[in-house]
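J.: For the protein sequence lines, the chains are A and B, in the order given. Going by the numbering used here, the letters in the first sequence line up with residues 34 to 247, in that order. Going by the numbering used here, the letters in the second sequence line up with residues 1457 to 2281, in that order. Each residue gets a CB set at the ideal place from its N, CA and C atoms; glycine is no exception.
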Amino acid sequence: MPKTSFPISWRDSSLELLPSKALLLPQTNELLICDIHLGKADYFQQNGIPLTNNSDEHNLSRIKNIVKDYNPNKLIILGDLFHSKYSISESLKSKVENLSESINIKIELIIGNHDIGCKVKNISFLEYKRSSNFIFSHEPIVKFENNTLNICGHYHPKTFLKNSKDKLSFKCFAMDEKNNILYLPAFGDLTGGFPCRSSFKKWAIISDTEIIEL
Amino acid sequence: MKSISTKNSITNIKEFFKINGWQPMPYQIETWESYLNGENGIIQVPTGCGKTYAALMGPLSKLKDSTKKTGIRILLITPLKALSRDLKNAVYLAAQFFNQEITVGIRNGDTSPYEKKKQIFKPPNILITTPESLSLLLSNKESNKIFSNLFSIIIDEWHELMGSKRGNQCELSLSWLRGNKKDLQIWAMSATIGNITEAARAIVGIKGEIPKVISTNIQKEIEIHSVLPEEETTFPWSGHLGIRNYSLLLKVLDKNKSTLLFTNTRNQSERWYQCLRFCLPEMEDRISLHHGSLDKDERKIVENGVKNGSIKWVVCTSSLDLGIDFQPVDQIVQIGSAKNIARLIQRAGRSAHRPGGKSKIIFMPTNSLELLEISAMRRIIKSGISENIKLPELSFDVLLQHLVSLACGPGFNPITEKGRIKDCWSYRNLKDKDWDWCINFLEYGGKCLKAYPKYKKIEREKLKGDANNFKYFVKDKSLMRIHKFNIGTITSDKFINVKFLKGKSLGNLEENFATKLKSGDTFHFAGKMLQFIKIRDMTLYVKKSSRKSSLIPAWVGGQMAISDLLSDNLRKEIDICNNLDNDHEYINKELNSLLPILKKQKDLSNIPKRNQLLIEIYKTEELTSLFVFTLDGKFANEGIAFLWALRFANKKQSTFSISANDFGFSLTTSESYDFSIIEKEFSYFIENKNLEKDLENAINFSELTKRRFKNIAQISGLVNQNNPSKTKSSSQLQISSSLFYDVFTRYEEDHLLIKQAHEEVKEYQLENKRISNSLERLSKLKIILNKTKTPSPFAFPLLVERLKNTLSNESIEKRVEKLIKKYNN
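#1: For residue 2048 of chain B, does the three-state DSSP call read helix, strand or coil?
#2: Work out the CA separation of residue 1487 of chain B and residue 1647 of chain B for me, nearest whole Å.
#3: Counting contacts by CB-CB distance shorter than 7 Å, is residue 38 of chain A in contact with chain B?
#4: Kindly say whether residue 2217 of chain B, judged by its beta-carbon, lies nearer than 7 Å to any beta-carbon of chain A.
#5: Leaving out five residues on either side along the sequence, give the residues of the same chain with a beta carbon under 6 Å from the beta carbon of residue 1600 of chain B.
#6: For residue 1772 of chain B, count the other beta carbons within 10 Å of its own beta carbon; 16 or more makes it buried, fewer makes it exposed. Which is it?
#7: Using 7 Å as the limit for Cβ to Cβ distance, is residue 121 of chain A near chain B?
#8: State the beta-bridge partners of residue 209 of chain A as determined by DSSP.
#9: According to the neighbour-count rule (16 or more other Cβ atoms, all chains shown, within 10 Å of its Cβ), is residue 76 of chain A buried or exposed?
#10: Checking the sheet assignment: what are the DSSP bridge partners for residue 237 of chain A?
#11: When you measure from the CB of residue 217 of chain A to every non-hydrogen atom of the ligand FAD, does any distance come out below 6 Å?
#12: Report yes or no: is there a C-beta of chain B within less than 7 Å of the C-beta of residue 173 of chain A?
#13: Give every residue of the same chain whose Cβ lies closer than 6 Å to the Cβ of residue 1794 of chain B, excluding the five residues on either side of it in the sequence, and list them in chain order.
#14: On the criterion of 16 or more Cβ atoms from any shown chain inside 10 Å, does residue 150 of chain A qualify as buried, or is it exposed?
#15: With 16 as the cutoff for other CB atoms within 10 Å, does residue 1513 of chain B come out buried or exposed?
#16: Do residue 1631 of chain B and residue 1884 of chain B count as a contact pair if the criterion is CB distance below 7 Å?
#17: Please name the residue in B:2242, B:1472 and B:1899 whose C-alpha comes closest to that of residue 1447 of chain B.
#18: Starting from the beta carbon of residue 2166 of chain B, find every residue of chain A whose beta carbon is closer than 9 Å, and list them in chain order.
#19: Is there a C-beta anywhere in chain A that falls below 7 Å from the one on residue 2199 of chain B?
#20: Return the residue from the list B:1651, B:1635 and B:1479 that minimises the CA-CA distance to residue 1619 of chain B.
#21: Would residue 2034 of chain B pass as a contact of residue 2053 of chain B if the rule is Cβ separation under 7 Å?
#22: Among B:1515, B:1500, B:1528 and B:1506, which one has its Cα closest to the Cα of residue 1468 of chain B?
#23: Let's see if you can read the secondary structure: which residues bound the alpha helix (DSSP H) around residue 1598 of chain B?
#24: Could you check how far apart the C-beta atoms of residue 2295 of chain B and residue 2032 of chain B are, in whole angstroms? I think they sit under 8 Å.
#25: Given that a residue counts as buried once 16 or more other Cβ atoms are within 10 Å of its Cβ, and exposed if not, what is residue 1535 of chain B?
#26: At a CB-CB cut-off below 9 Å, which residues of chain A make contact with residue 1976 of chain B?
#27: With a cut-off of 7 Å, does the C-beta of residue 2182 of chain B fall near any C-beta of chain A?
#28: Looking only at C-alpha atoms, which of B:1899, B:2114, B:1671 and B:1523 sits nearest to residue 1505 of chain B?
#29: Go through the stretch 1515-1565 of chain B residue by residue and report every complete run of the beta strand (DSSP E) that reaches 3 residues or more, in order.
#30: Go ahead and label residue 2282 of chain B buried or exposed: buried means 16 or more other beta carbons lie within 10 angstroms of its beta carbon, across all protein chains shown.
#31: When you compare the stretch 221-234 of chain A with the stretch 1474-1483 of chain B, are there three or more beta-carbon pairs, one atom per stretch, that lie closer than 8 Å?
#32: Looking only at its chain, what residues have a beta carbon closer than 8 Å to the beta carbon of residue 1520 of chain B, apart from the 5 residues adjacent to it on each side?
#33: Using 7 Å as the threshold, is the C-beta distance between residue 2192 of chain B and residue 81 of chain A below it?
#34: Using the beta-carbon of each residue, which ones in chain A are nearer than 9 Å to residue 1805 of chain B?
#35: Quick one: which chain B residues come within Cβ less than 8 Å of residue 94 of chain A?
#36: Could you compute how far the alpha carbon of residue 64 of chain A sits from the alpha carbon of residue 1892 of chain B?
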């Protein structure tokens, strides 16, 4: 059945998969998102490709909304907050620097491959981050430890729902159970996705408010 | 009146022919005379009749006296790189006769950067190139200079270019060249086509006189040998691949003769290759596979193998239609229907490349009803009628690409350029409003981007001495580089590269197929048994495997419908079948072998006459099926199927699954459904009035449009298919066309490129015109409605080839709801 959030657990920790493409860790009250790719449209425009950039504004307001809804202690971004260091306009920069204050919580960014060279204030930049049961990273760290779940972004997982008559694709959470990796869906509006391996366990985000276990 | 100089030139050309021991044909002399009289023209003769020298000698004899002038003097455009080398040899031979100083060059994707640079610095007198390389040349800063002394253009195999957007690309380049040099003489060579005047118009533009059409009555004889089933069967072979009958084919083939086996899809070619290798282990090293998804190097090995004789048989798709031209092949096999006459003739033509030579093709049906098609084709060829080739109209994607090319090179002034482009045949209906949109799109990125100053593709630059006059240029070096790498209209889907772990690349697979594989799965590809290891960065790594598997990838887009001309004749053929018993004049080998099937069809149902529409209803306990034999092309049949499904649903709600082929279509529903209302309500079903609207309701239009938009986005430069370098910055420019589609439809309603996708779906996918013509034709027919106890032979293939298409006009939410049904417990 579709749900408005999907609880799973890892050892003694619980995790909540949200249709807003975010992951909530209730025990520590941390909210995780990844792959927002701010400034993507600008980057395309600079390169002569006419992509409209209403999306940055929309992405930031979505972040504000989920923070309002779940009231976490901390927002952790698992990489690729920005699309490119060449496409951070002054106005985008100031909006991002004001974000932490406007949502009134601390923001940590695990540096993703697209974030390299980006500099903004009021956000702490980290290479990766560990807690007792988890390791947070941008790209997956294969076979870290048996007891630790690697939560990461980078992959932009997508899956298909189909029957003999129809087929649609959706962003999803994907769990590589063999390697203890949980991939989060890309948060950004202007991000596509890659279909993930059939061996992964998947939770598809079928609308803004519904998620379903496959 | 022939002038003295013309006479002298002709004598001179004849001299060249004499030295080589050739006899000029009347049409060749006619061509030379027309050229020397200053005319433009199009030569329509079968392949292998000396077209090249017909078109070339006029320009050459003009060139011989003025070799001092610099720049390219004669431009030769050919659709295929593979043809360039032969062409060069032929040109060189003749050029040497006239003046030993004449230089001949080739410029295409295989030309080295060094050679290209040299050509810009010191252009050859005669340049042989492809439409893509010509576009690239126009985007060069020196293009004005290079072409300043051009006096003649020759286009080879124009019919081949005309059928696709490459034709548009060619037209646009020609328009620029014509605009620069008023007295250009343009000649094209073409195979026999129905609409030759349109083809002629397209090379010179809509103004001025229609070029002279030169044709001959040289008829190339074509011998079609059909492989017929040995036993009498009363049912068409199922499975549609007919591969079970391979042994019949092997009986008629010679192992030591060079052979091309043409199939219609890549999937089919993999299957036949696998089958032949299995049956003829002694031929293992001498059979090969060639299709468009194989790696370029792999294909080259095969092409060379055929040339030097080490490979005897090649199973191929249309990828080799024009390919190896230099030597005739001994045997040609067509597996499955060729779908149109032009293709069959083209392929058969590969077997004899001399004037007057007979060409021969072996036809291997994959479904016995295809024998009817062959029988029809034979009659068409005899009657000498040919198909029309349609040039796509108002392709905005190609236009945008052309304008950016010009802006990279000599720049363009919008007013001058608009005039030139409206002069092109396929852009004659270009509206000022749409032209303005195109310019706006390039300069500002379209309506919704106006406020963003960082966007720049083309920029204005004032011309010296005239403050109001300006030209558009691309100034950014990296933009220029990306554009030049992406020039062309042949697009490819996003594919996953297949590689051996050790690194050798094999070719491309569709993403869809690749994601279905699990580690350890084996599948057939590139004629090899492969085991899946892993996917990394859009690359699928494999190793060789000895395990057996029947898994073979399928590629989208392999399907074709039979041509209008052929379907019309197929209807005639079936009409003839009605009276075979009394009319022995018409019977041939193919019909003869079909007699048992035809008899069964007659016993179970009917064979429709020309004035009848055959409809069959077949009922089992669970299913009710309707079969309608519209006898139109597959896509038109499919369109009518969707339309009727909607119209049936309007009468009584139900869900239908649909299947269609070139014969007709079927609607199947899981309930007991009264299809016989069609008899009373026929006028409602064939109504043409709300056709477009009903079709849009009946079919998931946005899905089809989205798919079509993929190619348009590539051609118009929104999405890059080739990256000049695999650097970080280029990977940051990766975006899917469907994201563009969503953004454009959300923010800019009348986006011209979205509109174009819409039009292309209607025109090429659904063949709207054909559907409406078909409904018109059906309205005049008398319905024969039969309830059959078992499916008739005509219905059988439809039953087997059920497409599992369902009428889907539901909202996304509704579709999601249905899709997640199985997870709902």
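T.: Quick answer:
#1: In the structure shown, residue 2048 of chain B sits in a helix (DSSP, three-state: H, G or I).
#2: Rounded to whole angstroms, residue 1647 of chain B to residue 1487 of chain B spans 16 Å at the Cα level.
#3: Answer no: the Cβ-Cβ gap between residue 38 of chain A and chain B never drops below 7 Å.
#4: Judged by the 7 Å Cβ criterion, residue 2217 of chain B is not in contact with chain A.
#5: Hits under 6 Å: 1866.
#6: Classification of residue 1772 of chain B: buried, given that the 10 Å Cβ count is 16 or more.
#7: Not one chain B Cβ lies under 7 Å of residue 121 of chain A.
#8: Answer is A:214, bridged to residue 209 of chain A.
#9: It counts as buried.
#10: Per DSSP, A:205 and A:245.
#11: The ligand FAD is not part of the structure shown, which contains no ligands of any sort.
#12: Taking Cβ atoms only, chain B never reaches closer than 7 Å to residue 173 of chain A, which makes this a no.
#13: Around residue 1794 of chain B: 1800.
#14: Residue 150 of chain A should be labelled exposed.
#15: Taking every protein chain shown into account, the CB of residue 1513 of chain B has 16 or more other CB atoms within 10 angstroms, so this residue is buried.
#16: Their beta carbons are not under 7 Å apart, which means residue 1884 of chain B does not touch residue 1631 of chain B by this criterion.
#17: Any answer about residue 1447 of chain B is impossible in this case: the structure gives chain B only from 1457 up to 2281.
#18: The premise fails here: residue 2166 of chain B is roughly 13 Å from chain A at the closest Cβ pair, so nothing lies under 9 Å.
#19: Yes, contact with chain A.
#20: Minimum Cα distance to residue 1619 of chain B is reached at B:1651.
#21: Going by C-beta atoms, residue 2034 of chain B is not nearer than 7 Å to residue 2053 of chain B.
#22: Looking at the Cα atoms, B:1515 is the closest of the given residues.
#23: Under the DSSP assignment, residue 1598 of chain B falls outside any alpha helix (DSSP H); it carries neither an H nor an E label.
#24: Since the first residue of chain B shown is 1457 and the last is 2281, residue 2295 of chain B is not available in this structure.
#25: Around the beta-carbon of residue 1535 of chain B, 16 or more other beta-carbon atoms lie within 10 Å, marking it buried.
#26: Here the premise fails: no neighbours, minimum Cβ distance about 11 Å.
#27: Annotation note: pLDDT 46 at residue 2182 of chain B (below 50); position unreliable, no value reported.
#28: Scanning B:1899, B:2114, B:1671 and B:1523 for the CA closest to the CA of residue 1505 of chain B turns up B:1671.
#29: Whole beta strand (DSSP E) segments, 3+ residues: 1530-1533 and 1560-1563.
#30: With chain B covering only 1457 through 2281, there is no way to say anything about residue 2282 of chain B.
#31: As far as the Cβ criterion goes, the stretch 221-234 of chain A does not touch the stretch 1474-1483 of chain B, which means the pair count is below three.
#32: Same-chain partners within the cutoff: 1554, 1555 and 1558.
#33: Their beta carbons are not under 7 Å apart, which means residue 2192 of chain B does not touch residue 81 of chain A by this criterion.
#34: Identification of chain A residues near residue 1805 of chain B by a Cβ-Cβ cut-off of 9 Å yields none; the smallest Cβ-Cβ distance measures about 41 Å.
#35: Here the premise fails: no neighbours, minimum Cβ distance about 17 Å.
#36: Taking the CA atoms as reference points, residue 64 of chain A sits about 48 Å from residue 1892 of chain B.
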